[in-house]
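First up is the structure itself, then whatever we jot down about it.
Numbering (UniProt numbering), first residue to last: 1 to 531.
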């Protein structure tokens, strides 16, 4: 149980104060611990260094040294000090990477930093202060991120560790175990660097070498098979960035995208045209609105399926956010309604309690969540269909929806989104990084369409083949492949990272327990002697 005293980032056992966890005599030479000022500075600096590897900055080597610094400030620390130092790492990590939230909700920005930093504090608390922290810290970090994929409010997976390697050499690990196994690998390299800085070469090699081997295995692991080529067009209508819906005329947004779409060659020159999220905004039902025949005519001109993002009214309290397919003949077909809603953006959790304190800043209606697999059918002109896993907006931050879509037969992934209201480009850049990881994990091409950027085409290796700039009007036309088959991550889901995390934590605390290493060594020796 945590001490009720005020936060102390710097508590370090001294000669006068007996540490809560005495140094394990089985871990000689690990008695170094940072002085108080160094612990404070080290915690915050470590967090900033981790954030430096996140998009849009992408300086992933600095992240590794940030994780090394985090491991260093935990050395020799009491439980309370480990918690608060790790909390400090979180402040340095999330304060810059969540800065975009300031223009939406300053209180929410502070609360998010506090909640996420508390989770890192718990990770530090779960990490023993001796050399066994090299095993425990990667596992504890992965467990906190597993929590953030699911809670609060169904998950808020922002500024995740794995994003720092979206274009790094460790990214292929995601093909084996998704973002959480990649997180374990990244943190393991970080603690290995800490050992190397201390000139503990054997420990450094033991931490880093397995990660490099796993990354190589991921690079050569099965990634699916090409089924057929598809010529695709992604429409970005352009316009100002940093706007909100109340200050934007929906007709202007629609007209910009229709104009851009009409630059796409027709008569079957492409196999698919993708529009962004909610560029069609109707106050009644789509089928009875004046935009419906316009969209049907555009699909007939293209002679290709046209996927359009729509927001329509359900009733006075709810609205729908969906992507719908207009077939080559102009008829409407498959539809997917967004399942993962943005808390306090598309719905208000605990509305009766929260709304009186919202100050008029909260949405007045809630989005009605969709159900079922995140898949739409794309009818091609040759009479065949292609299934596309469909993730609207930040649903691409959640690996589970892609796994479900691929399990339902999806041969590519589409991600219509809308980042026009976000300040800066932090969210948009992180979304592209998530698209890259989802491509690696699923072995599928990912098509991301945004009204003001970033739109992108990502191949199954996670490479960005084409990408737009912010605010520009542009159409991306590329040839991709519909694909089949499963990756290991697709087949196993959370199994590998969960097993790895449990094994690493158990081993770490078995070693950290007084005499634990001696007992493990003796048990291993007895087994060898009995052979």
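Positions of the beta carbon are idealized from the N, C-alpha and C atoms, including for glycine.
Quick caveat: nothing in here was measured; it's all calculated off a predicted structure.
Tell whether a beta-carbon distance below 8 Å holds between residue 217 and residue 176. yes
Uninterrupted alpha helix (DSSP H) stretches inside the segment 454–526 (no shorter than 4 residues): 488–492 and 495–512
Assigned secondary structure, residue 314 (DSSP; H/G/I helix, E/B strand, else coil): coil
Which parts of the segment 228–279 are runs of the beta strand (DSSP E), unbroken and 3 residues or longer, counting only runs that do not cross its ends? 272–274
Evaluate contact between the segment 489–498 and the segment 412–429, counting only Cβ atoms and requiring at least three cross-stretch pairs below 8 Å. no
Residue 315 to residue 394 span [Cα, whole Å]: 24 Å
Under a Cβ-count criterion, where at least 16 other Cβ atoms within 10 Å of its own Cβ denotes burial, should residue 257 be classed as buried or exposed? buried
Sub-8 Å separation of residue 505 and residue 95 beta-carbons: no
Inter-residue spacing [alpha-carbon to alpha-carbon] between residue 2 and residue 122: The predicted model places residue 2 with a pLDDT of 40, which falls under 50 and marks its position as unreliable, so this point remains unresolved.
Applying the 10 Å Cβ sphere with the 16-neighbour rule, what's the burial state of residue 338? buried
Along the chain, where does the alpha helix (DSSP H) that runs through residue 532 open and close? Not covered by the structure: residue 532. The range shown for the chain is 1 to 531.
Rounded C-alpha distance that separates residue 312 from residue 162: 35 Å
Nearest-angstrom Cα distance between residue 348 and residue 354? 8 Å
Chain-order list of residues whose beta-carbon lies under 6 Å from that of residue 419 (same chain, five-residue window excluded): 427, 428 and 450
Can you tell me whether DSSP reads residue 109 as helix, strand or coil? helix
Could you compute how far the alpha carbon of residue 408 sits from the alpha carbon of residue 369? 20 Å
Rounding to the nearest angstrom, what Cα-Cα distance links residue 188 and residue 211 in this structure? 7 Å
Residue span of the alpha helix (DSSP H) that contains residue 176, given as start and end: 174–197
Could you please give the first and the last residue of the uninterrupted alpha helix (DSSP H) stretch that includes residue 216? 201–220
Helix, strand or coil, according to DSSP, for residue 342 in the structure here? coil
Measure the CB-CB distance between residue 124 and residue 86 and report whether it falls below 8 Å. yes
Inter-stretch contact at 8 Å, needing at least 3 Cβ pairs: the segment 192–202 / the segment 231–238: no
Given that a residue counts as buried once 16 or more other Cβ atoms are within 10 Å of its Cβ, and exposed if not, what is residue 265? exposed
Hey, how far is the Cα of residue 274 from the Cα of residue 424? 25 Å
Answer yes or no: do residue 159 and residue 117 have a C-beta to C-beta separation smaller than 8 Å? no
Going straight from the alpha carbon of residue 227 to that of residue 88, what length do you get? 49 Å
Using beta-carbon positions only, say whether residue 45 and residue 53 come within less than 8 Å of one another. no
According to the neighbour-count rule (16 or more other Cβ atoms, all chains shown, within 10 Å of its Cβ), is residue 285 buried or exposed? exposed
What number of angstroms, rounded off, separates the C-alpha of residue 99 from the C-alpha of residue 109? 7 Å
Supposed contact pair residue 399 and residue 178 - C-beta distance, whole angstroms, cut 8 Å: 5 Å
Continuous alpha helix (DSSP H) stretch holding residue 155: start and end: Counting along the chain, residue 155 falls outside any alpha helix (DSSP H), and DSSP gives it neither H nor E.
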